[in-house]
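Working notes, beginning with the structure itself.
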Amino acid sequence: MLDTLTRRLAGILANLRKQGKLTEDDVNEMLREVRVALLEADVNFAVAKSFIGRVREKAVGEEVFASLTADQTIIKIVRDELTEMLGTEQTRFDFGSQPPTVVLMCGLQGSGKTTTTAKLAKWLVAQGKKPMLAACDVQRPAAIKQLQVLGEQVDVPVFAKTDGSSPVQIAREALERCKYLMRDVLIVDTAGRLSIDEALMAELKQIHDTVRPNEAFLVLDSTTGQEAVSVAKAFHDLIPITGVIFTKLDGDTRGGAVLSVREATGVPVRFTGVGEQVDALEPFYPDRMAQRIIG
Ligand code: GDP
1 MLDTLTRRLA GILANLRKQG KLTEDDVNEM LREVRVALLE ADVNFAVAKS
51 FIGRVREKAV GEEVFASLTA DQTIIKIVRD ELTEMLGTEQ TRFDFGSQPP
101 TVVLMCGLQG SGKTTTTAKL AKWLVAQGKK PMLAACDVQR PAAIKQLQVL
151 GEQVDVPVFA KTDGSSPVQI AREALERCKY LMRDVLIVDT AGRLSIDEAL
201 MAELKQIHDT VRPNEAFLVL DSTTGQEAVS VAKAFHDLIP ITGVIFTKLD
251 GDTRGGAVLS VREATGVPVR FTGVGEQVDA LEPFYPDRMA QRIIG
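See below:
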């Protein structure tokens, strides 16, 4: 187990205290530790570098040099700055002015997209909504079955077709059925990609342009580290992503990818997946994520 940043800084300071007043070099040594901790938490190199620059400026402003509790001051600056970067704005779910609200789900295969679609349906039911799911992943027949099983589990209807209809057709018909049944939210599950595949990306764009979603969520596996950043950029270049959902945060991943994706795309993180069960979805708390990154 790695030493936490808090413990490491306290260790450095304990040595320095013996010398009396801190010098700028001493603070630089602490900032080097902060940088190492960020890199270990899988924060992108460039992000870590600019972050340290900002923390240094603040540390100087707060006269950390004169303080005998410099470690605590630095930790506080780091935590506040991380929280700020992760996004302190409250992003409300955009239900639009007229039902049905359309939510588009996209992401790589294995990211947890289908599971998250069901989790979101359950969350929406708890908000008093009547969602419906659309199975637009015709690449993998098992994906349709998986969504149907999950739909049953959360007691939400699933619109699916296996007659060779295109995903765009299915999405269009699902929207019509949703209106007919007076369900107020349609969540469209799209085909998972193994990697950024041009044909599938073109299909996603077509579905997007057909259903014109109020929310387009990108599901990212938090354990994939820096790869999540390039995936997020590719999807966000294609369609305007309105929110990111990071899955598998119940594992021991430190969450640096969350910070890097936020910095690279500016898209707010909206939910986190914290388990395999359909109720394991939580709103995103920037302060908790900041603490997790610090360790
Ligand atoms: P998809 O291919 O993107 O649709 O991915 P799935 O929804 O099939 O999920 C892939 C695997 O990840 C499954 O075994 C899920 O149970 C698992 N999974 C999804 N979300 C989470 C999560 O938040 N935590 C954990 N531990 N597992 C998850």
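For the sequence shown, counting from 1, position 221 maps to 221 in full-length UniProt numbering; every step adds exactly one. We put the beta carbon where it would ideally sit given N, CA and C, even for glycine.
Residue 294 is not a Cβ neighbour of residue 256, given a cutoff of 8 Å.
The set of residues with any CB-heavy atom separation to the ligand GDP below 7 Å comprises, in chain order, 107, 108, 109, 110, 111, 112, 113, 114, 115, 116, 143, 146, 192, 219, 247, 248, 249, 250, 251, 273, 274, 275, 276, 280. Close CB contacts of residue 211 within its chain, under the 7 Å cut and outside five residues either way in sequence, are with 102, 104, 171, 175, 188 (chain order). By the neighbour-count criterion, in which 16 or more other beta carbons inside 10 Å mark a residue as buried, residue 69 falls on the exposed side. In terms of CA proximity to residue 77, 30 leads the group 30, 162, 156. In the structure shown, residue 244 adopts extended strand secondary structure according to DSSP, grouped into three states. Here residue 137 is buried: its Cβ has 16 or more other Cβ atoms, across all protein chains shown, within 10 Å. According to DSSP, residue pairing for residue 187 in a beta bridge involves 103, 133. The secondary-structure analysis by DSSP pairs residue 219 across a beta bridge with 107, 245. When the five nearest sequence neighbours on each side are left out, the beta carbons in the same chain lying within less than 8 Å of the beta carbon of residue 148 are those of 135, 158, 160, in order along the chain. Per DSSP, the unbroken beta strand (DSSP E) holding residue 282 starts and ends at 281–283. Residue range 269–273 is occupied by the beta strand (DSSP E) that includes residue 271. Unbroken beta strand (DSSP E) stretches of 3 residues or longer found wholly inside the segment 111–171: 131–136, given in chain order.
With a contact defined as Cβ atoms closer than 8 Å, residue 107 and residue 220 qualify at about 6 Å. When rounded, the separation of the alpha-carbon atoms in residue 184 and residue 126 is 13 Å.
Distance check between residue 288 and each of 91, 79, 55, 62 places 79 closest, using alpha-carbon atoms only.
Residues 104, 216, 239 of the same chain have their beta carbon placed closer than 7 Å to that of residue 208, with the five preceding and five following residues left out of the count. Looking at the backbone, the Cα of residue 35 and that of residue 57 are separated by about 15 Å. Residue state for residue 212 is assigned as coil, using DSSP reduced to three classes. Per DSSP, residue 79 has no beta bridge partner at all. The segment 195–209 makes no contact with the segment 242–252: fewer than 3 CB pairs, one atom from each, lie closer than 8 Å. Out of 40, 236, 173, 274, the CA that lies nearest to the CA of residue 115 is found in 274. Nearest neighbour of residue 42 by Cα position, chosen from 267, 225, 133, 236, turns out to be 225. Boundaries of the alpha helix (DSSP H) harbouring residue 294: 286–294, taken from the DSSP string. Secondary structure of residue 193 (DSSP, three-state): strand. Non-local beta-carbon contacts of residue 263 in its own chain, meaning distances under 6 Å to residues more than five positions away in sequence, involve 47 in chain order. Annotated as proximal: residue 229 and residue 44, with beta-carbon spacing under 8 Å. Assigned with DSSP and collapsed to three states, residue 182 falls in coil, not helix or strand.
Within the same chain, and ignoring the five residues on either side of residue 248 in sequence, the residues whose Cβ sits closer than 7 Å to its Cβ are 112, 221, 222, 223, 273. Contact annotation: residue 118 and residue 151 have beta-carbon atoms nearer than 8 Å.
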